[in-house]
Amino acid sequence: MAVPKGRSRWRFARHDNNLLRGVGLKPMARPQARFACQQCGVVYPKWTGRCEDCGAWNSLIEELPREELPGGIGKRTLDRRGGRAFGFVGLTGPSMLPPRRQTGIAELDRVCGGGLVPGSAILVGGDPGIGKSTLLLQAAAAIAPPVKEGSGELKARAASAAYITGEEAIDQVRLRAERLGVVASPMLLAAASNVRDIIASLDRGDVPDLVVVDSIQTMYLDTLDSAPGTVSQVRATAQELIRLAKRRGFVLVLVGHVTKEGVIAGPRVLEHMVDTVLYFEGERGHQFRILRAVKNRFGATDEIGVFEMSDRGLVEVPNPSALFLAGRPVAGQDAAGVAGADAGEIELAELSAGQISGSAVFAGMEGTRPVLVEVQALVAPAVLGTPRRAVVGWDGTRLAMITAVLDARCGLSVGTNDIYLNVAGGLRIVEPAADLAVAAALVSALTETPMPTDTVVFGEIALSGDVRPVGHTEARIKEAAKLGFAEAWMPIRRGNRREAAVATGLETVCVGHLNELVERLAPARSPRGPLSRQRRIGVAS
Ligand code: TYD
Ligand code: MG
516 MAVPKGRSRW
526 RFARHDNNLL
536 RGVGLKPMAR
546 PQARFACQQC
556 GVVYPKWTGR
566 CEDCGAWNSL
576 IEELPREELP
586 GGIGKRTLDR
596 RGGRAFGFVG
606 LTGPSMLPPR
616 RQTGIAELDR
626 VCGGGLVPGS
636 AILVGGDPGI
646 GKSTLLLQAA
656 AAIAPPVKEG
666 SGELKARAAS
676 AAYITGEEAI
686 DQVRLRAERL
696 GVVASPMLLA
706 AASNVRDIIA
716 SLDRGDVPDL
726 VVVDSIQTMY
736 LDTLDSAPGT
746 VSQVRATAQE
756 LIRLAKRRGF
766 VLVLVGHVTK
776 EGVIAGPRVL
786 EHMVDTVLYF
796 EGERGHQFRI
806 LRAVKNRFGA
816 TDEIGVFEMS
826 DRGLVEVPNP
836 SALFLAGRPV
846 AGQDAAGVAG
856 ADAGEIELAE
866 LSAGQISGSA
876 VFAGMEGTRP
886 VLVEVQALVA
896 PAVLGTPRRA
906 VVGWDGTRLA
916 MITAVLDARC
926 GLSVGTNDIY
936 LNVAGGLRIV
946 EPAADLAVAA
956 ALVSALTETP
966 MPTDTVVFGE
976 IALSGDVRPV
986 GHTEARIKEA
996 AKLGFAEAWM
1006 PIRRGNRREA
1016 AVATGLETVC
1026 VGHLNELVER
1036 LAPARSPRGP
1046 LSRQRRIGVA
1056 S
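Position in the sequence shown counted from 1, then plus 515, gives you the working numbering.
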């Protein structure tokens, strides 16, 4: 285990001071060493191998303390001998707040709550190589569109975005801009990492409307001794930049690295300091990238923006459902009256559509937007003693609960099998409304009965096996109808569901209990009641 260098030095200093005292001299004030955990930011007076607060090993790094209270390096107005009294105001009054600024990238604007708020700070986190720099370069170029020829004014109001990179060289950014086709944008570009220089360059007459700082982990303040990316540097540099953004009223976007645990590297306090925290995520093998708000002082946090990474940068996906359902048999192919059809008819229909069992389309919501996704399940006899569970895009605990409910309330024996569950397209579902779709995919896989291709499913499952109502029914139904679906299996719900369904021409089938789903999917194998003794339905044929 590494022992910090500073220790022996302090011990030596102590002996020195005793000597000084012996000859009647006053020892000089000695800076107290402090050790800060690089994971959680907790400060200790002594070095230890493990942070007691967050449990991280080897995360303590010695930091030299500052001689004065942390304060801005900009203009000081504070009187050292005492504070200045300020007046309080009421909740109403004239507001000087300028309107939100639209980037022109609709997916980004929506996630930010309808545009960027001037004077706010946005932190964008994400895995390396996911496309943070690409997104922000595109956003900066979109805010500062090319100046029209003939207007003559080259420097007028055009240069309203600045991109400051501490990670790449100017030429690399230029190369990327060329690839993205945004070289005509009059945005300002700089490679810098000293925050004092950045503030000096920005805090002049005409400040840009948007400032992107590519990776807060590369920025440093020369008043601190620690290396860039350490807790104290990240905290102090972010504080200085945010203070400037608030004072000059520009939108500040900070890029933050993500640790292998998936949280933004550096102190948690960084997330408290900024107004908005966005995560840019996606599966490496997939082209889809999802921008998700996890904190937003100026909007909702359940909105997502969907992008597709192309060879010319990120392309907006205005209709994600079509993207997530791509590759499936076209909805409506077997629309020949599935609602009242018997098993034979369904089998004929599915043969013609070439469909397979274990797939259900979930009508979900991401924020205010309905999104249809395919839930895929594979149920296979367990080879080893303990059945395997592999879940991608959904919660494993929730899957365990649904298999238990299927076993206990419907008399199936799903739980003894290996189960693989996948949400197609790389989307991560967090809604409990997906329960019924997951159950449908599981039952379909177990009984080898394909779901009708023109049916969407949604509803929450209770431990009793009852299907509970969920919100936004109309929005889900409308989206399904728009994409050519003919039927929705959904919870029984009071209110205006019928009207919505009639208006969209979609058939709604109410499922009150999980048994009804099993009966509808595989009538021959359905138990006759919630307490059925019929077991091992997968083998009984
Ligand atoms: P980048 O924005 O550098 O990621 P981050 O800043 O989050 O680390 O994205 C780099 C990845 O994006 C890289 O793997 C290549 C890919 N990419 C494209 O596929 N098309 C493009 O037009 C660009 C610019 C990048
Ligand atoms: Mg980058």
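By construction, the Cβ of each residue, glycine as well, lies at the ideal position given by its N, Cα and C atoms.
This one's a predicted model, so the numbers in the text were calculated from it and none came from an experiment.
query, result
"Segment contact flag, the region 632 to 642 with the region 684 to 695, C-beta cutoff 8 Å, min 3 pairs", "no"
"Sheet register partners of Cys552 (DSSP bridge)", "Leu575"
"Cutoff 6 Å; reference Phe771; Cβ partners in own chain excluding five residues on either side", "According to the sequence as given, residue 771 is Gly; it is not Phe. Leu638, Gly640, Ile731, Ile779."
"Closer than 7 Å: Ser648 CB and nearest the ligand MG heavy atom", "yes"
"Closer than 7 Å: Gly644 CB and nearest the ligand TYD heavy atom", "yes"
"Contact test: Glu682 Cβ vs the ligand MG heavy atom, cutoff 7 Å", "yes"
"Exposure of Leu978, with buried meaning 16 or more beta-carbon neighbours within 10 Å", "exposed"
"Three-state secondary structure assigned by DSSP to Ala1037", "coil"
"Distance CB(Met843)-CB(Glu786) smaller than 8 Å", "Residue 843 is actually Arg in this sequence, not Met. It is not a contact, given that the beta carbons lie outside the stated cut-off."
"Asp686 beta carbon near the ligand MG (any heavy atom closer than 7 Å)", "no"
"Inter-residue Cα distance where the pair is Ala715 and Leu759", "10 Å"
"Gln891 at chain B interface by Cβ criterion, 8 Å", "This model lacks chain B altogether; it includes just one protein chain."
"Beta-carbon proximity check, Cys627 vs Thr752, cutoff 8 Å", "no"
"Residues near Asn811 by beta carbon distance below 6 Å, same chain, minus five either side", "Gly628, Thr791"
"Closest by C-alpha distance to Pro965, when choosing among Arg1035, Ala656, Leu575", "Arg1035"
"DSSP three-state assignment for Met702, whether helix, strand or coil", "coil"
"Proximity below 8 Å, CB of Ala996 to CB of Thr1019", "yes"
"Classification of Trp572 by the beta-carbon crowding that lies within 10 angstroms, buried from 16 upward", "exposed"
"Asp495 Cβ short of 7 Å to the ligand MG heavy atom set", "Any property of residue 495 remains undetermined from this structure, which presents the chain solely from 516 to 1056."
"Residue range of the unbroken alpha helix (DSSP H) whose run includes Leu759", "746 to 763"
"Spatial distance of Arg972 from Glu946 (CA atoms)", "Note on identity: in this sequence residue 972 is Val, with Arg being the wrong assignment. Taking the straight line joining both Cα atoms gives about 13 Å."
"Cβ pair count under 8 Å reaching 3, the region 679 to 689 against the region 698 to 713", "yes"
"Residue(s) in a DSSP beta bridge with Gln617", "Bridge partners of Gln617: none, in fact."
"Ala636, enclosing beta strand (DSSP E) - first and last residue", "636 to 641"
"Where Cys1025 sits in the DSSP three-state scheme", "strand"
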